[in-house]
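Peer 1:
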Amino acid sequence: MTAASKSDKARFFEELYRLNEFESDGEPNEAREFLKTCSKPILSRTSEEPSLIPPRKVLKPFKKVPSIQRSISEPEKIKDVPNATVGSIGKRSGLRGNPQVPAASGSLLGKEASSSAGSADSTNQRPSIEDRRTVSNPVPNTLVLTNSTGIDTMLGKKRKKDTIKLVREADRIFNGFEFFFLRNDDKSPLRKRRITLSREHGAIWTTTWTNKITHLIVDNDLTRKDVLTYLKLNSLPPQVIMVNEEYLSDCFVQRRVMNSLLKKYQVKDPDAGAAKQMAPPPPASENSDSSLQLKAPQSKLSRWGNPPQQETLPRIAQARPASYPQQPVVTGGPEALSPREATTLSDKDGSMVAETQDFGALTEWIQLAKDTEGLPLDNEDEDAVDSVDHSDSDDGGASPLRAPAKRIKRFAIKQGGTNQANFQCMTGGTAASTANPNDYTISVLERLGAYYKRIGDQWRPTAYQKACGMLRKQDHLICTYEEAIEIRTIGHRLAKKIVEIATTGRLRRLESAEADPTDAPLKLFVGIYGVNTTLASEWLRQGHRTLDDLVKNVKLSENQKLGIEHYDDLQQRIPREEVTALGQYIKDAAAALDPDIEIIIGGSYRRGAPTSGDIDIIISKPGTTSTTSLTPFLHSLITHLTSQKFLVAALAVPHDDGTGSKWHGCCVLPSKPRQSQIWRRIDFLLVPASERGAALLYFTGDDIFNRSMRLLANKMGMSLNQRGLYENVMRDRWTRKKVTEGRLVEGREERRIFERLGVPWREPWERVLH
DNA sequence: GGGCGGTACTG
DNA sequence: CAGTACC
DNA sequence: GCCC
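Add 812 to a position in the first sequence, counting from 1, and you land on the number used in the working numbering.
#1: Can you round the beta-carbon distance between Ile1427 and Ile1490 to whole angstroms, since I take them to be within the 8 Å contact cut?
#2: From Asp1603 to Val1363, what does the alpha carbon distance come to, in whole angstroms?
#3: DSSP has Trp1577 in a bridge; who is on the other side?
#4: Can you tell me the Cα-Cα spacing of Thr1451 and Asn1231, whole angstroms?
#5: Going by DSSP in three states, Leu1074 sits in which element: helix, strand or coil?
#6: Roughly how many angstroms lie between the CA atoms of Ser1349 and Ser1047, to the nearest whole one?
#7: Measuring straight from C-alpha to C-alpha, what distance separates Val1551 and Tyr1538?
#8: Rounding to the nearest angstrom, what Cα-Cα distance links Glu1558 and Glu1567 in this structure?
#9: Could you give the residue range of the alpha helix (DSSP H) that holds Thr1018?
#10: Give me the residue from Val1499, Pro1333, Gly1395 and Arg1320 with the minimum Cα distance to Thr1437.
#11: Would you check if the distance between the CB atom of Phe1511 and the CB atom of Ile1411 is smaller than 7 Å?
#12: Between the C-alpha atoms of Pro1435 and Thr1392, what's the straight-line distance to the nearest angstrom?
#13: How many Å lie between Leu1043 and Asp1062 at the Cα?
#14: Using the Cβ count rule (16 or more neighbours within 10 Å means buried), how would you classify Gln1487?
#15: In its own chain, which residues sit with a C-beta less than 6 Å from the C-beta of Arg1574, not counting the 5 before and 5 after it?
#16: Whole-angstrom Cβ separation of Phe1445 and Asp1406, contact assumed at under 8 Å?
#17: Taking Ser1255 as the reference, which of Gly1317, Arg1266 and Leu1509 has the closest Cα?
#18: Measuring CB to CB, does Arg1305 end up less than 7 Å from Thr1242?
#19: Ignore the nearest five residues each way along the sequence and tell me which others in Arg780's own chain have a CB closer than 7 Å to its CB.
#20: If I measure Cβ to Cβ from Val1311 and keep anything under 7 Å in the same chain, skipping five residues before and after, which residues do I get?
#21: How many angstroms separate the CA atom of Gln1456 from the CA atom of Ala982?
#22: Determine, using beta carbons only, whether Thr1301 and Met1282 come nearer to each other than 7 Å.
#23: According to DSSP, is Glu861 part of a helix, a strand, or is it coil?
#24: Considering Cα atoms alone, identify which of Thr1443, His1027, Gly1014 and Phe993 is closest to Arg1067.
#25: Over the uninterrupted alpha helix (DSSP H) stretch that includes Met1238, give me the two end residues.
#26: For Glu1057, report the span of its alpha helix (DSSP H) as first-last.
#27: With H, G and I counted as helix, E and B as strand and the rest as coil, what does DSSP make of Arg1583?
#28: Quick check for students: name the residue ranges of the beta strand (DSSP E) that lie wholly in the region 1240-1281, counting only runs of 3 or more.
#29: Comparing C-alpha positions only, which one of Glu1389, Thr1008 and Asn987 sits nearest to Pro1422?
#30: Is Asp1380 buried or exposed, if buried means 16 or more other CB atoms sit within 10 Å of its CB?
#31: Looking only at its chain, what residues have a beta carbon closer than 7 Å to the beta carbon of His1356, apart from the 5 residues adjacent to it on each side?
#32: Pop quiz: Thr1358 and Ile1267 are said to be a contact at Cβ under 8 Å. What is the actual Cβ separation, rounded to whole angstroms?
#33: Could you tell me which residues DSSP puts in a beta bridge with Gly1477?
#34: Using the rule of at least 16 other Cβ atoms within 10 Å of the residue's Cβ for burial, across every protein chain shown, is Asn1234 buried or exposed?
#35: Can you pull the DSSP bridge partners for Pro1500?
#36: According to the neighbour-count rule (16 or more other Cβ atoms, all chains shown, within 10 Å of its Cβ), is Asn987 buried or exposed?
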């Protein structure tokens, strides 16, 4: 921005503010007209992929480079750590960036036309260009974006000449984002300006509703209901961020991605008042505030025993409380259910079940049950949800009990001796981002579960997680024992706890657990990457209480040292927007190295989570059948990203026999100022195309969902892992360990694995079971 | 009272 | 090998 | 912790 003249800047802001003033209360009739147009299909996609990187193969023979090996944080970070003794950790060598590869930025040529044609929807590469010249004839270092898409081209459509100039790289805050505007056109000059600005800041503008959309920018005069009507959706896919115009203005003005959850950015929702009552701030809230409520996150570095360091630079988003409404809760009547083709684009067989994530869930499951008729599936979960007369419709007479509206915890419909319906994966979950009246109960139970986890209990934590998942699916506050015990996975003891939480706002078991003086340091220790209960309690036994103690007195592995050094960074959750941006960075880098490579962001991000604990990247490539064939690419990608200072540390690298498939490490967003860079955990998984489905399944999770699917496979005489679904697996009679790999049933298609297991398809965000 | 997912990397 | 990690 |  140094280059920008003052008057330029002034005009820029002036214009921005004008954008707001006008549109907010102008054109009162536009809304009605707009809705009239809702029936017409959304067809044309006028976005462009701003990809200017020439198709080039960089398949130079792989050189052994230090970057793929373990490496440590850079020395500069050390001074952030207030304690002198910590320095001893830090004197390890910094990450030696490979001096080679100045490439990415400098050597890029101006224009590409068809390189991405093969993967039309794959990734939009980020052009790298440092100035803002607009040139109609592409020359190196210049960027001209034209309104072209593969489709337009194929149809021989005339391109509108539409030139935008990207702002300088560091200001492209929307890189990796895909915007859908409502209203959907650029007829209004002000909206047009807004769209142009968005694109200049790196966003892709899309006018077709696709599942790649990250943000839905809604005109200020429209309501949430208008939006859903227009999109013919019952509810918004949870991964789509819906904001009003002000969001954009603020992003532009502040030159950063704002926290989309702020109230001022929410789209109006007249129905919100009718929304279900939220979690009860428990009756005894004043009391519980001191003992039970989530404590504010400890201030940075406080656990080092030094004054907290003041945070000066703005960060992308603030941490959120444990429960918060992502979007206003909609009470769309369940009757309003209609086919939701828009979210099931990739569906091939018509049998699939449309998504839902709101409280229309009830009908959803019924629908689901119908759609999966023939499967030994019951709809037991429905009856817990509502008083809908659960005339167990067609349970084939196999149901032993046809209880009069009570106590139908499980059915006895069996297949091959296993009661399939009792597997969690059969019923799916709800997106964690959806507010729920039981959120408070859930947060308390999660804390107790976490406590049990850190004291080394292997099974309670999963039981608690499952219970929380079930609670999250209920549409009203569970506060009686009877209600609670009805729910599958909730037994006597959990039911009692739930009642205690819901009626008193407290849980004595948790209070006493957390009152244990060893619990705080235990919690501290297991927060270190590479440390779990065994080590932590051993250190505790030896009398250590602070990170300082550990650094001074304990033999730490390299990873643990790193985990301590970046304790605070790695504890923080990552806003979805940042995951998008980090993923985009990787996609761009990967595409530059090998355009055929496919990069998928998995993990909680794929499940639609508003924040993630880390970034999970699947690396695949069409035609590949072995991990080995992808290792060279991983090497060059790691090398490149390391030299770009995107990757800042390696924690686990693939075994060097070439069969290794995972790379774990840390990364930062290089475009940000150094001080505001937060170290993030990142995982790469190498996946040959033949195993893509199984890997996707695995890497999407969640934890409970994976276990459930695998247990089910197991009970059906098969075995499921991240490479595929296998049958005829021989297991040792006693140890029950696998003896034979078995025969591969399916690995390529995620959907077919579901089918083969008789599990109705679950959209990623329906796989949130805890 | 036994079972509770399956795998990969570190040291 | 045990410990820790990944979902 | 819960389920079988």
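Note that CB positions come from ideal geometry on N, CA and C, so glycine has one too. Owing to the predicted nature of the structure, the values given are computational and were not obtained by experimental measurement.
Peer 2: Working from what's here:
#1: With a Cβ gap of about 12 Å, Ile1427 and Ile1490 do not count as contacting.
#2: Nothing in the structure corresponds to residue 1603, since the chain is present only between 813 and 1582.
#3: Beta-bridge partners of Trp1577 (DSSP): none assigned.
#4: 49 Å
#5: coil
#6: 46 Å
#7: 13 Å
#8: 10 Å
#9: Here Thr1018 belongs to no alpha helix (DSSP H); instead the beta strand (DSSP E) covers Ile1016 to Thr1018.
#10: Val1499
#11: no
#12: Rather than Pro, the amino acid found at residue 1435 in this sequence is Gly. One alpha carbon belongs to Gly1435, the other to Thr1392, and they sit about 26 Å apart.
#13: Rounded to whole angstroms, the gap between the alpha carbons of Leu1043 and Asp1062 is 26 Å.
#14: exposed
#15: Gly1240
#16: 6 Å
#17: Gly1317
#18: no
#19: Residue numbering for the chain in the displayed model covers 813 to 1582; residue 780 lies beyond these limits and cannot be assessed.
#20: Cys1291, Thr1292, Tyr1293 and Ala1296
#21: 14 Å
#22: yes
#23: In this prediction, Glu861 has a pLDDT of 31, which is less than 50 and means its spatial position is unreliable; what the coordinates show is noted afterwards. In the structure shown, Glu861 sits in coil (DSSP, three-state: anything other than H, G, I, E or B).
#24: Gly1014
#25: Note, Met1238: premise wrong, no alpha helix (DSSP H); not H, not E.
#26: Glu1057 to Gln1066
#27: The structure shown does not extend to residue 1583, since the chain is modelled only from 813 to 1582, so the question has no answer here.
#28: none
#29: Selected option, being the one with the closest Cα: Glu1389.
#30: If you draw a 10 Å sphere on the C-beta of Asp1380, you find 16 or more other C-beta atoms in it, and that means buried.
#31: Leu1362, Asn1365 and Val1366
#32: The Cβ separation is near 19 Å, so there is no contact.
#33: Per DSSP, Ala1462 and Ile1494.
#34: Looking at its Cβ environment, which holds 16 or more other Cβ atoms inside 10 Å, Asn1234 is buried.
#35: Partner(s): Lys1433.
#36: Looking at its Cβ environment, which holds 16 or more other Cβ atoms inside 10 Å, Asn987 is buried.
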